[in-house]
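**Student:** One structure coming up, written as structure tokens, with questions to follow.
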Amino acid sequence: GFVNAQKALNLHSDTANTLIKIKLRNLGRYSRTVIWNVICTTMLFLKYLVYCRVQQINT
Numbered sequence: 401g402f403v404n405a406q407k408a409l410n411l412h413s414d415t416a417n418t419l420i421k422i423k424l425r426n427l428g429r430y431s432r433t434v435i436w437n438v439i440c441t442t443m444l445f446l447k448y449l450v451y452c453r454v455q456q457i458n459t
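Each number in the working numbering comes from the position in the sequence shown (counting from 1) with 400 added on.
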């Protein structure tokens with residue numbers, strides 16, 4: 401994580417920039433996945449709540 405970034409900055413700036421770009425790209429891909437999982441989970445949870453509410457009204 402952070403220590404690796406610091407080590408990278410101590411290398412030649414070209415190498416450091418490349419490593420940082422790769423890290424950011426991976427981080428971006430990871431965070432997108434997390435965001436999608438959160439959205440999907442939230443949607444399922446909301447559907448479940450609505451379903452429960454409807455069941456209560458029907459009975």
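Don't be surprised by glycine CBs; every beta carbon is placed ideally from N, CA and C. The structure displayed is predicted, hence computed values, not measured ones.
#1: Mind pulling the beta strand (DSSP E) runs of 3 or more residues that sit fully within the stretch 432 to 456?
#2: Determine the direct distance from the alpha carbon of arginine 425 to that of threonine 441, and round the result to whole angstroms.
#3: Taking only the alpha-carbon atoms, compute the straight-line gap between valine 403 and phenylalanine 445 and give it to the nearest angstrom.
#4: Rounded to whole angstroms, what is the Cα-Cα separation between glutamine 406 and lysine 421?
**Tutor:** Inspection of the coordinates gives the following:
#1: You should have found no qualifying run.
#2: Locating residue 441 in the sequence shown gives position 41, where the first residue counts as 1. Locating residue 425 in the sequence shown gives position 25, where the first residue counts as 1. One Cα belongs to threonine 441, the other to arginine 425, and the distance between them is close to 24 Å.
#3: The count along the sequence shown starts at 1 and reaches residue 403 at position 3. The count along the sequence shown starts at 1 and reaches residue 445 at position 45. The alpha-carbon atoms of valine 403 and phenylalanine 445 are separated by roughly 38 Å.
#4: Numbered from its first residue, the sequence shown carries residue 406 at position 6. Numbered from its first residue, the sequence shown carries residue 421 at position 21. When rounded, the distance between both Cα atoms is 14 Å.
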